[in-house]
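Visitor: Have a look at this one.
Protein chains: 2
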Amino acid sequence: MSMNAPAKREFSILANTMKPSAIRLLLKVANQPDMISFGGGLPNPESFPLDDVRKIFDEQLAKNGKKMLQYGATEGLESLNVALSKRLKDKEGIKSEPTEIIQTTGSQEALYMIGKIFANPGEYVITEAPTYVGTISALKGNGIRMIGVDMDHYGMRMDALRETLKDRPNPKFIYVIPNFQNPSGITMSLERRKELLEIANERGITIIEDDPYGALRFAGPHVPTLKSMDNDVVYLGTFSKVLSPGIRLGYVVAPHDVIEKLNVAKQALDLASSSVSEYIAEAYISGGYMEKQIPKIIDLYREKRDLMIESFGNYFPEDVEFTRPNGGMFLWVTRRGANTDSLFEEAVRQKVLYVVGSAFYPDGDNHESMRLNFTYSSNENIVEGVKRLGKLFETTGK
Amino acid sequence: MSMNAPAKREFSILANTMKPSAIRLLLKVANQPDMISFGGGLPNPESFPLDDVRKIFDEQLAKNGKKMLQYGATEGLESLNVALSKRLKDKEGIKSEPTEIIQTTGSQEALYMIGKIFANPGEYVITEAPTYVGTISALKGNGIRMIGVDMDHYGMRMDALRETLKDRPNPKFIYVIPNFQNPSGITMSLERRKELLEIANERGITIIEDDPYGALRFAGPHVPTLKSMDNDVVYLGTFSKVLSPGIRLGYVVAPHDVIEKLNVAKQALDLASSSVSEYIAEAYISGGYMEKQIPKIIDLYREKRDLMIESFGNYFPEDVEFTRPNGGMFLWVTRRGANTDSLFEEAVRQKVLYVVGSAFYPDGDNHESMRLNFTYSSNENIVEGVKRLGKLFETTGK
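Put into structure tokens, the structure is as follows:
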């Protein structure tokens with residue numbers, strides 16, 4: 041014990057402002073027995089290529105062990121950035137040099153650093169409304185304000201964006217998740233993407249394109265990434281959804297001036313990401329494992345999405361609305377007049393978890409929606425969980 | 041290419057202020073052929089327990105594969121924090137609950153977060169002078185000012201600390217590396233440690249104790265950690281020097297109020313560290329691998345330290361002073377009247393690298409010293425590198 045501990049320790053303003061993420065708190069409840077969780081954005085463990093990872097690890101350790109366990113470069117393993125640059129060109133038509141890529145400790149670190157290098161505390165940026173909770177915490181953690189722009193079924197509404205820009209003409213960037221958005225599941229149409237780039241270019245605003253789910257398309261035609269249409273876009277990718285979130289590896293593809301600032305910021309934040317993870321990811325791409333694994337993940341998730349939507353039909357009151365995403369991990373469920381925040385406690389008692397819609401709005405408005413993850417639960421639990429939610433809707437009315 | 045890229049992108053004030061680390065820049069030169077580098081703080085690859093890691097990885101993947109590749113808790117794997125808590129009690133007399141530990145992405149992330157949660161931009165903290173460059177970049181990256189307090193051969197001078205506190209009575213914390221300090225190699229005496237705690241407790245100042253090298257003692261009696269004498273101390277440890285820096289795993293042991301703030305900050309920064317790394321580290325401790333490996337690392341490094349000091353005797357002019365550390369990775373070499381910054385270019389031409397002393401001072405003063413790493417180079421290169429440095433000293437005079 042302290043000889044003479046201060047009565048109350050003083051922390052910084054940011055430390056006192058930051059709040060624990062709703063989803064992180066959820067993880068604790070999620071471990072209760074019999075709990076069915078549609079809460080966390082977890083990949084299904086069945087999607088992890090365990091045998092490939094074992095093989096890759098053993099080979100890489102034998103071949104590159106001394107480098108794999110040593111400090112790596114801040115920008116990441118060169119051969120990984122080369123492999124990614126090639127893959128992004130082949131699959132997405134993104135033409136970027138390996139030196140225009142930096143590895144990050146999950147996309148979360150990328151989001152945090154993007155906030156840090158582009159905006160001073162108190163300055164504002166534009167996001168979709170709703171938007172990813174991790175982005176909200178990364179930006180709030182830098183003291184940055186977010187202005188949300190409404191979405192419809194084609195993505196961020198461009199009329200609403202123009203309206204917002206009248207009052208707020210100098211956002212530090214516009215942040216979007218064009219493919220299978222988290223939390224809404226909505227994909228931005230090609231027309232909207234073109235219009236967004238036009239608006240941004242007219243005004244010299246940087247676009248941040250976060251694309252964690254792009255490779256997980258179950259249906260419908262591919263829509264080109266913003267980055268492939270305009271190389272000035274800052275593009276965020278990750279291995280979390282196509283390999284493993286446990287290796288904590290994401291990446292940013294951006295013009296050299298941005299990469300340079302991210303590199304210096306990353307030196308201060310964590311020096312480098314895990315070289316072990318980087319060697320695994322490199323072999324996962326170069327050895328062709330990734331191209332074999334992605335279709336398996338897609339098949340697994342498509343079935344789960346279909347089952348969840350089918351269960352909505354069987355167990356939800358007719359006035360419950362929901363999105364029908366062509367990929368990704370999430371469904372967005374809305375019931376006009378309901379309050380998903382006040383329903384939540386009863387849901388925990390009924391042993392089913394969702395994330396309240398308000399968590400995805402910087403200001404916490406919108407209480408009529410919830411985000412449901414369809415990738416993590418077993419098929420049995422998807423049916424049973426939706427049944428429990430349906431009962432909750434029935435018994436509580438609105 | 042951009043349709044209409046902004047002529048010059050605007051970045052945040054912090055992004056424009058932060059500079060690349062001298063050591064990170066050095067890594068590029070270090071790859072030149074025939075270069076002998078005493079620059080980076082790299083463990084010797086011979087110290088990596090490759091066979092143990094292979095065995096551990098395969099076992100853990102078989103046993104816990106689906107958890108190992110999944111998102112982990114922000115505070116880290118529970119069983120790892122339990123194992124660490126036990127080890128710290130057994131080895132260091134530190135009495136901390138597992139819930140008073142949080143895993144970080146290397147100690148660098150811990151340093152960054154410590155700055156972030158304790159100090160607002162523009163506020164100041166106290167460090168030893170010289171101090172670790174990574175700490176300087178982590179704190180500067182938060183816009184925090186550092187006041188350096190001079191050291192002698194017993195560590196930070198307490199008379200100088202008292203003097204500094206007259207002008208600067210409210211530092212947000214005092215940061216020290218008591219064991220085999222980076223860069224000086226100096227160990228703080230027990231008397232100094234007690235006095236430092238007294239001063240801090242009198243005034244309610246938080247002490248940050250960074251202890252990356254404590255386990256690597258080659259000679260002399262163990263000196264108790266500050267944390268073991270006062271549980272209010274915030275203690276930083278790492279697996280980088282006793283297992284592998286490539287797994288990017290460090291940890292903070294601190295009172296619950298501090299851990300809580302670090303946890304929320306980490307959610308914004310990178311959500312969690314690598315679960316793969318955490319499962320490896322847990323088995324490394326619990327399986328007894330660590331206790332077998334540390335004596336091997338010590339034997340390897342003691343020999344290299346002895347060889348480097350012996351070579352100083354053979355090749356350095358008599359007026360060159362140096363520290364004789366009882367552990368760790370670094371020697372601090374000083375020549376009065378010399379300018380190690382202006383010598384550096386010639387050193388690169390002579391194919392030998394060191395880190396300029398000025399890099400370890402927040403304000404870049406002190407140009408008479410250099411830091412030499414003795415752990416990374418082969419024995420042949422240690423002798424040859426010191427010879428080259430000796431010639432440099434001879435030919436350039438001062």
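Quick note, the sequences are listed as chains R and C, same order.
Numbering of the first sequence is given in the numbering used here, commencing with residue 41 and proceeding in unit increments.
Numbering of the second sequence is given in the numbering used here, commencing with residue 41 and proceeding in unit increments.
Glycine is no exception: its CB is placed at the ideal position from the N, C-alpha and C atoms.
#1: Can you list the residues of chain R that P85 (chain C) reaches, using a CB-CB cut of under 7 Å?
#2: Going by other Cβ atoms of all chains shown within 10 Å of its Cβ, with 16 needed for buried, is R257 (chain C) buried or exposed?
#3: Which residues in chain C sit within 9 Å of S61 (chain R), going by Cβ to Cβ distance?
#4: With distances taken from CA atoms, which of R:T171, R:E434, R:V165 and R:K206 is nearest I187 (chain R)?
#5: What does the alpha-carbon distance come out to for the pair S42 (chain R) and N271 (chain C)?
#6: For M58 (chain C), go through chain R and note every residue whose CB falls closer than 7 Å to its CB, in chain order.
#7: Determine the direct distance from the alpha carbon of T139 (chain R) to that of G327 (chain R), and round the result to whole angstroms.
#8: Which whole-angstrom value describes the C-beta separation of E249 (chain C) and K267 (chain C), a residue pair presumed to lie in contact below a C-beta threshold of 8 Å?
#9: Shortest alpha-carbon distance to K365 (chain R) belongs to which of R:G377, R:M75 and R:I338?
#10: Can you check which of these residues, R:A321, R:L302, R:T204 and R:T436, is closest to D356 (chain R) by C-alpha distance?
#11: Which one of R:D91, R:I299, R:P295 and R:D98 has the shortest CA to CA distance from D91 (chain C)?
#12: Note down, in chain order, every chain D residue with its Cβ under 7 Å from the Cβ of Y152 (chain C).
#13: Give the range of the alpha helix (DSSP H) segment to which M108 (chain R) is assigned.
#14: Assuming Q72 (chain R) is part of the beta strand (DSSP E), what are its boundary residues?
#15: Can you tell me where the alpha helix (DSSP H) with D199 (chain C) in it begins and where it stops?
#16: Relative to the alpha-carbon of P218 (chain R), which residue among R:M228, R:N210, R:L289 and R:P211 has its alpha-carbon at the smallest distance?
#17: In whole angstroms, give me the CA-to-CA distance for P83 (chain C) and T415 (chain R).
#18: Using beta carbons (cut-off 8 Å, strictly below), is G195 (chain C) in contact with chain R?
#19: What are the residues that DSSP puts in a beta bridge with L432 (chain R)?
#20: Excluding the 5 residues flanking E318 (chain R) on each side, which residues of the same chain have their C-beta closer than 8 Å to its C-beta?
#21: Along the region 76-103 of chain C, where does the CB come closer than 9 Å to a CB of chain R? Name the residues.
#22: Taking Cβ positions, are T145 (chain C) and S313 (chain C) nearer each other than 8 Å?
#23: What's the gap between the Cα of S417 (chain R) and the Cα of K126 (chain C)?
#24: Which residue's Cα is closest to the Cα of K332 (chain R): R:L309, R:T278, R:I349 and R:A255?
#25: E149 (chain R) versus chain C: which residues are under 7 Å apart at the beta carbon?
#26: Count Cβ pairs between the region 389-402 of chain R and the region 62-80 of chain R that sit closer than 8 Å; are there 3 or more?
#27: At a threshold of 7 Å, does I53 (chain R) count as lining the ligand MG (C-beta to nearest heavy atom)?
#28: Determine, using beta carbons only, whether D199 (chain C) comes closer than 8 Å to chain R.
#29: From this set, R:S315, R:A259 and R:K281, which residue's C-alpha is nearest S284 (chain C)'s C-alpha?
#30: Identify each residue in the region 378-412 of chain C for which the Cβ-Cβ distance to at least one residue of chain R is less than 8 Å, and report them in chain order.
#31: Quick check on G133 (chain R): buried or exposed, where buried means 16 or more other Cβ atoms within 10 Å of its Cβ?
#32: By how many angstroms is the C-alpha of P85 (chain R) removed from the C-alpha of V423 (chain R)?
#33: Rounded C-beta distance between F352 (chain R) and V426 (chain R)? I'm assuming under 8 Å.
#34: State the DSSP-derived secondary structure class of G254 (chain C), mapped to helix, strand or coil.
#35: Note down, in chain order, every chain R residue with its Cβ under 9 Å from the Cβ of L297 (chain C).
Guide: Answer, in terms of the structure:
#1: K106 and Q110
#2: buried
#3: T114, V304, Q307, A308 and L311
#4: R:V165
#5: Summary for S42 (chain R): the model assigns pLDDT 45, below 50, so the residue's position carries little reliability, and this model does not support an answer.
#6: V304, A305 and A308
#7: 22 Å
#8: The C-beta separation of E249 (chain C) from K267 (chain C) comes to about 6 Å, placing the pair in contact by the 8 Å criterion.
#9: Position check: residue 365 (chain R) holds Pro in this sequence, whereas Lys was assumed. Comparing Cα-Cα distances from P365 (chain R) to each of R:G377, R:M75 and R:I338, the minimum goes to R:I338.
#10: Per the sequence shown, residue 356 (chain R) should be read as Phe rather than Asp. If we check each option's Cα against that of F356 (chain R), R:T436 comes out closest.
#11: R:D98 is the residue among R:D91, R:I299, R:P295 and R:D98 whose C-alpha sits nearest the C-alpha of D91 (chain C).
#12: Absent here is chain D; the protein component of the structure consists of chains R and C.
#13: L90 to M108
#14: Where Q72 (chain R) is concerned, there is no enclosing beta strand (DSSP E), given that its DSSP letter is neither H nor E.
#15: M198 to D207
#16: Of the candidates R:M228, R:N210, R:L289 and R:P211, the one whose C-alpha sits nearest the C-alpha of P218 (chain R) is R:M228.
#17: Each residue's Cα considered, the two are about 41 Å apart.
#18: no
#19: Answer is none; L432 (chain R) lacks a bridge partner.
#20: G112, G116, L117, L120, Q143 and L289
#21: G80, G81, L82, P83, P85, E86, F88, P89, L90, V93, R94, F97, D98, L101 and A102
#22: With respect to the 8 Å criterion, T145 (chain C) and S313 (chain C) are classified as neighbours on the basis of their beta carbons.
#23: 35 Å
#24: Nearest of R:L309, R:T278, R:I349 and R:A255 to K332 (chain R), Cα basis: R:A255.
#25: L309 and D310
#26: yes
#27: Looking at this structure, you won't find the ligand MG or any other ligand, since it has none at all.
#28: no
#29: R:S315
#30: none
#31: exposed
#32: 19 Å
#33: 6 Å
#34: G254 (chain C): coil per DSSP, three-state reduction.
#35: For the sequence presented, residue 297 (chain C) should be read as Asp rather than Leu. Counting only Cβ-Cβ distances below 9 Å, D297 (chain C) has contacts in chain R at K48, R49 and F51, in chain order.
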